[in-house]
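Counting the sequence shown from 1 gives a position; the working numbering is that position plus 127.
Note that beta-carbon positions come from the ideal geometry of N, C-alpha and C, so glycine has one too.
Since this is a predicted model, take the numbers as computed values, not measurements.
Written out below as structure tokens is the structure these notes cover.
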Amino acid sequence: EDGMAIVSVKDSGCGIDEENQKKLLHTDTHFSTFGTNNEEGSGLGLLLCQDFIVKNGGKLWFTSKKGEGSTFSFSVPLLKK
């Protein structure tokens, strides 16, 4: 799309409530939540992904609804020949 490759990953997990969505992808907020199998997550992996994607000219975004799951997407520029 417009010279960008877009990749999306969708899950049917527990989703992220609106309050925590505001905190995700920001380096100045830290919080932990528990997933479908009670695994703890802090969002650190997403911050690392976002850093890598932005440094390569793309962006990272997500949509989520509590109780329904999340979709995480990113774009990166396509190689021009």
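The residues 185, 202, 203, 204, 205, in chain order, have a CB closer than 8 angstroms to that of residue 131 in the same chain once the five nearest residues on each side in sequence are set aside. Note on residue 135: under 16 other CB atoms within 10 angstroms of its CB, so exposed under the neighbour-count rule.
Straight across, the Cα-Cα distance linking residue 177 with residue 129 is about 20 angstroms. Around the Cβ of residue 133, a 10 Å sphere holds fewer than 16 other Cβ atoms; the residue is exposed.
When secondary structure is reduced to three states using DSSP, residue 172 falls in the helix class.
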